[in-house]
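Residue numbering for the sequence shown follows the numbering used here, beginning at 1037 and increasing consecutively.
A virtual CB, placed ideally from N, CA and C, is assigned to each residue, including glycine.
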Amino acid sequence: MLKEIAIHEIEGVRIGHGENRDAGTGCTVIICPAGGPCGVDVRGGGPASRETELLRPVAAAEVIHAIVLCGGSAFGLDAAGGVMRYLEERDIGFATSVCKVPLVVASSIFDLVCGSSTVRPDAAMGYAACVHSEENRPQGGNHGVGIGATVGKYGGAATMMKAGLGIAAFQAGDVKVGALVAVNALGDVYGEDGRILAGMLTKEGEFADTVQCMLGDLERSAAVPGGCTTNTTIGAVVTNAALDKTAMNKVAALGSNGIVRAVRPVNTMADGDTLYALSTGGVSGEVNSVGILAAYAVEEAVRRAVRDAVGAYGIPALCDMDR
(Lines of atoms letter the chains of each structure in order from A and count residues from 1; the text may use other names and numbers.)
(Lines give C-alpha, C1' and ligand atoms only; values in the text may rest on other atoms or scores of the structure.)
Protein backbone atom coordinates (compact mmCIF):
# COMPACT_ATOMS: atom_id res chain seq x y z
CA MET A 1 0.00 0.00 0.00
CA LEU A 2 1.28 3.45 -0.95
CA LYS A 3 2.19 5.70 1.95
CA GLU A 4 3.66 9.17 2.18
CA ILE A 5 7.08 9.59 3.78
CA ALA A 6 9.52 12.43 4.38
CA ILE A 7 12.15 12.72 1.68
CA HIS A 8 14.94 12.47 4.24
CA GLU A 9 13.77 8.91 4.92
CA ILE A 10 15.33 7.84 1.63
CA GLU A 11 18.69 6.44 2.62
CA GLY A 12 21.91 7.43 0.90
CA VAL A 13 21.18 11.07 0.03
CA ARG A 14 21.39 14.40 1.81
CA ILE A 15 19.58 17.54 0.71
CA GLY A 16 20.37 21.15 1.58
CA HIS A 17 19.75 24.73 0.51
CA GLY A 18 21.86 27.81 -0.06
CA GLU A 19 20.09 31.12 -0.60
CA ASN A 20 20.15 34.90 -0.70
CA ARG A 21 16.69 36.12 0.24
CA ASP A 22 17.39 39.78 -0.47
CA ALA A 23 18.52 38.93 -3.99
CA GLY A 24 15.69 36.44 -4.54
CA THR A 25 17.81 33.48 -5.60
CA GLY A 26 19.14 30.21 -4.23
CA CYS A 27 20.21 26.67 -4.92
CA THR A 28 19.40 23.18 -3.68
CA VAL A 29 21.89 20.32 -3.59
CA ILE A 30 21.25 16.58 -3.47
CA ILE A 31 24.38 14.75 -2.36
CA CYS A 32 24.93 11.01 -2.77
CA PRO A 33 28.25 10.43 -0.96
CA ALA A 34 28.60 6.83 -2.14
CA GLY A 35 27.69 7.76 -5.71
CA GLY A 36 24.63 6.54 -7.55
CA PRO A 37 23.42 5.82 -11.10
CA CYS A 38 21.59 8.83 -12.50
CA GLY A 39 19.52 9.58 -15.57
CA VAL A 40 18.03 12.76 -17.01
CA ASP A 41 15.09 13.73 -19.18
CA VAL A 42 15.34 17.11 -20.95
CA ARG A 43 12.10 18.10 -22.64
CA GLY A 44 12.24 21.89 -22.67
CA GLY A 45 13.62 23.88 -25.59
CA GLY A 46 15.93 26.11 -23.54
CA PRO A 47 17.75 24.17 -20.82
CA ALA A 48 20.69 25.50 -18.82
CA SER A 49 22.62 22.50 -17.57
CA ARG A 50 26.04 21.14 -16.62
CA GLU A 51 27.53 17.65 -17.22
CA THR A 52 24.28 16.09 -18.44
CA GLU A 53 26.25 14.23 -21.13
CA LEU A 54 27.68 12.10 -18.32
CA LEU A 55 24.23 10.62 -17.84
CA ARG A 56 23.86 9.16 -21.31
CA PRO A 57 23.85 5.35 -21.18
CA VAL A 58 26.87 5.25 -23.51
CA ALA A 59 28.96 7.56 -21.30
CA ALA A 60 31.64 5.96 -19.14
CA ALA A 61 30.63 7.30 -15.72
CA GLU A 62 28.37 4.83 -13.94
CA VAL A 63 27.57 7.06 -10.95
CA ILE A 64 27.42 10.73 -9.98
CA HIS A 65 27.89 12.30 -6.56
CA ALA A 66 25.58 15.33 -6.53
CA ILE A 67 22.77 17.11 -8.33
CA VAL A 68 22.51 20.90 -8.05
CA LEU A 69 19.29 22.78 -8.80
CA CYS A 70 20.10 26.49 -9.15
CA GLY A 71 18.58 29.88 -9.69
CA GLY A 72 20.45 32.57 -11.59
CA SER A 73 19.97 31.20 -15.11
CA ALA A 74 23.21 29.90 -16.67
CA PHE A 75 25.21 32.12 -14.29
CA GLY A 76 23.91 30.07 -11.36
CA LEU A 77 25.61 26.91 -12.57
CA ASP A 78 28.71 28.30 -10.82
CA ALA A 79 27.21 26.88 -7.62
CA ALA A 80 28.35 23.43 -8.76
CA GLY A 81 31.96 24.50 -8.23
CA GLY A 82 31.33 24.95 -4.52
CA VAL A 83 29.69 21.54 -4.37
CA MET A 84 32.77 20.02 -6.00
CA ARG A 85 35.04 21.69 -3.46
CA TYR A 86 32.94 20.40 -0.55
CA LEU A 87 33.01 16.86 -1.91
CA GLU A 88 36.72 16.93 -2.72
CA GLU A 89 37.49 18.02 0.84
CA ARG A 90 35.70 14.87 2.00
CA ASP A 91 37.48 12.57 -0.47
CA ILE A 92 34.31 11.96 -2.48
CA GLY A 93 34.56 11.55 -6.23
CA PHE A 94 35.66 9.51 -9.21
CA ALA A 95 39.10 8.06 -8.52
CA THR A 96 41.90 9.02 -10.90
CA SER A 97 45.64 8.47 -10.63
CA VAL A 98 46.15 11.85 -8.96
CA CYS A 99 42.94 12.80 -7.16
CA LYS A 100 39.24 12.15 -6.83
CA VAL A 101 36.98 14.17 -9.12
CA PRO A 102 33.41 14.69 -7.86
CA LEU A 103 30.87 14.18 -10.62
CA VAL A 104 28.29 16.92 -10.21
CA VAL A 105 25.39 17.62 -12.57
CA ALA A 106 23.40 20.83 -12.42
CA SER A 107 20.49 22.69 -13.98
CA SER A 108 19.20 26.19 -13.42
CA ILE A 109 16.07 28.30 -13.66
CA PHE A 110 15.77 31.94 -14.74
CA ASP A 111 14.83 33.85 -11.58
CA LEU A 112 16.57 37.15 -12.37
CA VAL A 113 13.29 39.10 -12.35
CA CYS A 114 13.01 38.53 -8.58
CA GLY A 115 15.12 40.57 -6.21
CA SER A 116 18.44 41.38 -7.89
CA SER A 117 19.36 40.40 -11.44
CA THR A 118 23.08 40.80 -10.69
CA VAL A 119 23.33 38.46 -7.68
CA ARG A 120 23.28 34.78 -8.60
CA PRO A 121 24.19 31.47 -6.98
CA ASP A 122 27.95 31.01 -6.92
CA ALA A 123 30.50 28.56 -5.54
CA ALA A 124 30.12 29.96 -2.02
CA MET A 125 26.36 29.40 -2.10
CA GLY A 126 26.80 25.89 -3.45
CA TYR A 127 29.22 25.10 -0.63
CA ALA A 128 26.78 26.54 1.92
CA ALA A 129 24.03 24.29 0.53
CA CYS A 130 26.29 21.28 1.10
CA VAL A 131 26.90 22.32 4.71
CA HIS A 132 23.14 22.74 5.17
CA SER A 133 22.62 19.23 3.77
CA GLU A 134 24.29 17.85 6.89
CA GLU A 135 21.00 18.63 8.68
CA ASN A 136 19.08 16.87 5.88
CA ARG A 137 15.73 18.49 6.64
CA PRO A 138 14.94 20.41 3.44
CA GLN A 139 11.95 22.74 3.30
CA GLY A 140 9.82 23.49 0.27
CA GLY A 141 8.17 26.67 -0.94
CA ASN A 142 10.33 29.79 -0.81
CA HIS A 143 13.55 27.96 -0.02
CA GLY A 144 16.69 27.08 -1.96
CA VAL A 145 16.18 27.02 -5.70
CA GLY A 146 12.51 27.89 -5.14
CA ILE A 147 13.11 31.37 -3.72
CA GLY A 148 12.79 33.16 -7.05
CA ALA A 149 10.52 30.71 -8.89
CA THR A 150 7.39 32.05 -10.60
CA VAL A 151 4.71 30.79 -13.00
CA GLY A 152 2.30 32.22 -15.57
CA LYS A 153 4.71 34.43 -17.52
CA TYR A 154 3.28 34.41 -21.02
CA GLY A 155 2.18 38.00 -20.54
CA GLY A 156 5.45 39.07 -18.91
CA ALA A 157 6.37 39.86 -15.32
CA ALA A 158 3.13 41.74 -14.65
CA THR A 159 1.04 38.59 -15.07
CA MET A 160 3.03 36.06 -13.05
CA MET A 161 2.47 34.42 -9.67
CA LYS A 162 4.92 33.20 -7.05
CA ALA A 163 5.81 29.53 -7.04
CA GLY A 164 8.67 27.69 -5.35
CA LEU A 165 10.19 24.31 -4.59
CA GLY A 166 7.86 21.36 -4.13
CA ILE A 167 8.88 18.25 -2.20
CA ALA A 168 7.00 14.94 -2.04
CA ALA A 169 8.00 11.35 -1.26
CA PHE A 170 6.17 8.02 -1.15
CA GLN A 171 6.84 4.38 -0.34
CA ALA A 172 5.39 1.23 -1.91
CA GLY A 173 6.64 -1.93 -0.27
CA ASP A 174 10.34 -1.43 0.32
CA VAL A 175 10.73 1.03 -2.56
CA LYS A 176 10.95 4.72 -1.69
CA VAL A 177 10.72 7.50 -4.26
CA GLY A 178 10.96 11.22 -3.61
CA ALA A 179 10.83 14.29 -5.83
CA LEU A 180 12.04 17.87 -5.55
CA VAL A 181 10.73 20.21 -8.26
CA ALA A 182 11.40 23.91 -8.75
CA VAL A 183 8.41 25.20 -10.71
CA ASN A 184 9.30 28.23 -12.82
CA ALA A 185 7.01 27.55 -15.75
CA LEU A 186 5.72 29.62 -18.63
CA GLY A 187 2.39 27.93 -18.07
CA ASP A 188 -0.16 27.44 -15.33
CA VAL A 189 -0.20 24.82 -12.57
CA TYR A 190 -3.39 22.75 -12.36
CA GLY A 191 -4.90 20.98 -9.38
CA GLU A 192 -6.21 17.45 -9.18
CA ASP A 193 -9.66 18.72 -10.16
CA GLY A 194 -8.42 20.23 -13.43
CA ARG A 195 -8.72 23.81 -12.23
CA ILE A 196 -5.85 26.33 -12.25
CA LEU A 197 -4.04 26.64 -8.92
CA ALA A 198 -1.55 29.31 -9.97
CA GLY A 199 -0.59 30.94 -13.24
CA MET A 200 -1.01 33.88 -15.56
CA LEU A 201 -3.23 36.63 -14.16
CA THR A 202 -5.42 39.23 -15.82
CA LYS A 203 -5.31 42.90 -14.81
CA GLU A 204 -8.28 42.12 -12.56
CA GLY A 205 -6.35 39.40 -10.74
CA GLU A 206 -8.24 36.49 -12.28
CA PHE A 207 -6.66 33.51 -13.99
CA ALA A 208 -6.12 34.29 -17.66
CA ASP A 209 -5.55 30.66 -18.78
CA THR A 210 -2.23 30.61 -20.61
CA VAL A 211 -3.24 27.95 -23.13
CA GLN A 212 -6.31 29.90 -24.22
CA CYS A 213 -4.31 33.13 -24.42
CA MET A 214 -1.72 31.48 -26.65
CA LEU A 215 -4.36 29.96 -28.92
CA GLY A 216 -6.13 33.31 -29.10
CA ASP A 217 -2.92 35.03 -30.16
CA LEU A 218 -2.42 32.35 -32.80
CA GLU A 219 -5.89 33.00 -34.23
CA ARG A 220 -5.18 36.73 -34.35
CA SER A 221 -1.63 36.26 -35.66
CA ALA A 222 -0.58 38.34 -32.69
CA ALA A 223 3.03 38.71 -31.62
CA VAL A 224 4.18 36.68 -28.64
CA PRO A 225 4.37 38.94 -25.57
CA GLY A 226 7.88 39.96 -24.59
CA GLY A 227 9.64 38.30 -21.69
CA CYS A 228 8.03 34.87 -22.02
CA THR A 229 11.19 32.97 -22.91
CA THR A 230 12.71 32.92 -19.43
CA ASN A 231 11.15 29.84 -17.84
CA THR A 232 12.03 26.33 -16.74
CA THR A 233 10.78 23.62 -14.42
CA ILE A 234 13.67 21.56 -13.05
CA GLY A 235 13.79 18.80 -10.51
CA ALA A 236 15.16 15.52 -9.30
CA VAL A 237 13.75 12.14 -8.36
CA VAL A 238 15.60 10.04 -5.79
CA THR A 239 14.92 6.39 -5.05
CA ASN A 240 16.38 3.52 -3.07
CA ALA A 241 15.52 1.10 -5.89
CA ALA A 242 18.69 -0.49 -7.25
CA LEU A 243 18.62 0.37 -10.96
CA ASP A 244 21.44 1.08 -13.42
CA LYS A 245 22.01 4.28 -15.37
CA THR A 246 20.02 3.14 -18.40
CA ALA A 247 17.03 2.31 -16.22
CA MET A 248 17.34 5.61 -14.35
CA ASN A 249 17.12 7.48 -17.64
CA LYS A 250 13.79 5.73 -18.19
CA VAL A 251 12.68 6.61 -14.65
CA ALA A 252 13.49 10.25 -15.41
CA ALA A 253 11.42 10.08 -18.59
CA LEU A 254 8.47 8.49 -16.81
CA GLY A 255 8.83 10.90 -13.91
CA SER A 256 8.57 13.86 -16.29
CA ASN A 257 5.01 12.79 -17.00
CA GLY A 258 4.19 14.17 -13.56
CA ILE A 259 5.11 17.65 -14.79
CA VAL A 260 2.97 17.13 -17.88
CA ARG A 261 -0.05 16.24 -15.74
CA ALA A 262 0.19 19.36 -13.59
CA VAL A 263 1.53 22.14 -15.87
CA ARG A 264 -0.03 23.51 -19.08
CA PRO A 265 1.49 24.36 -21.49
CA VAL A 266 4.67 22.44 -20.75
CA ASN A 267 7.95 21.50 -22.48
CA THR A 268 7.71 24.53 -24.78
CA MET A 269 10.57 26.27 -26.57
CA ALA A 270 10.23 28.93 -23.88
CA ASP A 271 10.92 26.38 -21.11
CA GLY A 272 14.03 24.38 -20.24
CA ASP A 273 12.23 21.57 -18.44
CA THR A 274 14.71 19.03 -17.04
CA LEU A 275 14.28 16.17 -14.58
CA TYR A 276 17.03 14.02 -13.04
CA ALA A 277 16.54 10.59 -11.48
CA LEU A 278 19.09 9.23 -8.98
CA SER A 279 19.31 5.76 -7.44
CA THR A 280 20.93 5.15 -4.07
CA GLY A 281 20.34 1.39 -4.32
CA GLY A 282 19.55 -0.95 -1.48
CA VAL A 283 16.33 -2.66 -2.55
CA SER A 284 15.12 -4.32 -5.73
CA GLY A 285 12.70 -2.42 -7.93
CA GLU A 286 11.20 -2.80 -11.39
CA VAL A 287 11.88 0.14 -13.70
CA ASN A 288 8.30 0.74 -14.89
CA SER A 289 6.81 0.59 -11.41
CA VAL A 290 9.50 2.90 -10.04
CA GLY A 291 8.85 5.29 -12.93
CA ILE A 292 5.12 5.31 -12.25
CA LEU A 293 5.77 6.14 -8.61
CA ALA A 294 8.24 8.82 -9.70
CA ALA A 295 5.58 10.47 -11.86
CA TYR A 296 3.17 10.44 -8.92
CA ALA A 297 5.74 12.07 -6.63
CA VAL A 298 6.70 14.66 -9.26
CA GLU A 299 3.06 15.58 -9.91
CA GLU A 300 2.47 16.09 -6.19
CA ALA A 301 5.70 18.06 -5.82
CA VAL A 302 4.70 20.42 -8.65
CA ARG A 303 1.43 21.27 -6.91
CA ARG A 304 3.14 21.69 -3.56
CA ALA A 305 5.54 24.14 -5.18
CA VAL A 306 2.67 26.60 -5.55
CA ARG A 307 0.69 25.54 -2.48
CA ASP A 308 3.72 26.02 -0.20
CA ALA A 309 4.89 29.27 -1.81
CA VAL A 310 4.24 32.67 -0.24
CA GLY A 311 4.06 36.03 -1.96
CA ALA A 312 7.39 37.84 -2.26
CA TYR A 313 9.10 40.60 -4.26
CA GLY A 314 5.68 42.09 -4.99
CA ILE A 315 4.50 38.87 -6.64
CA PRO A 316 1.31 37.25 -5.29
CA ALA A 317 1.09 33.57 -4.41
CA LEU A 318 -1.79 31.11 -4.22
CA CYS A 319 -2.13 31.81 -0.50
CA ASP A 320 -2.85 35.46 -1.34
CA MET A 321 -5.75 34.64 -3.66
CA ASP A 322 -9.29 35.22 -2.39
CA ARG A 323 -10.79 31.93 -3.52
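According to the DSSP secondary-structure assignment, V1078 is paired through a beta bridge with T1310. Comparing C-alpha distances from G1151 to each of G1241, L1251, A1193 shows the shortest one belongs to A1193. Residue burial is scored here from C-beta neighbours: E1087 has at least 16 other C-beta atoms within 10 angstroms and is therefore classed as buried. A straight-line Cα-Cα distance of about 10 Å links V1287 and D1280. Comparing alpha carbon positions, the residue from A1298, R1256, G1177 closest to V1346 is G1177. Nearest to A1221 by C-alpha distance, out of V1338, K1039, N1276, I1100, is V1338.
In the same chain as R1173, and ignoring 5 residues on each side of it, the C-beta atoms closer than 8 Å to its own belong to H1044, in chain order. With 16 or more other Cβ atoms inside 10 Å of its own Cβ, R1050 counts as buried. In this structure, L1314 keeps its C-beta atom at 9 Å or more from the C-beta atom of A1278. In this structure, DSSP gives I1046 a state outside helix and strand, which the three-state scheme calls coil. Residue pairing from DSSP leaves T1195 without any beta-bridge partner.
Distance from the Cα of V1319 is smallest, within the candidate group D1224, K1212, L1216, D1253, for K1212. Contact holds between the region 1144-1162 and the region 1046-1063, because three or more Cβ pairs, one in each stretch, are under 8 Å apart. Inter-segment contact for the region 1161-1175 and the region 1290-1303 is absent: fewer than three beta-carbon pairs are separated by less than 8 Å.
In the DSSP assignment, V1141 falls outside any alpha helix (DSSP H) and lies within the beta strand (DSSP E) extending over 1140-1144. The alpha-carbon separation between T1195 and S1133 amounts to approximately 54 Å. Going by DSSP, C1166 is part of the alpha helix (DSSP H) stretching over 1159-1169. Counting along the chain, no beta strand (DSSP E) covers G1291; the unbroken alpha helix (DSSP H) around it starts and ends at 1281-1291. By the Cβ-count criterion, K1039 is exposed, with fewer than 16 other Cβ atoms from all chains shown falling within 10 Å of its own Cβ.
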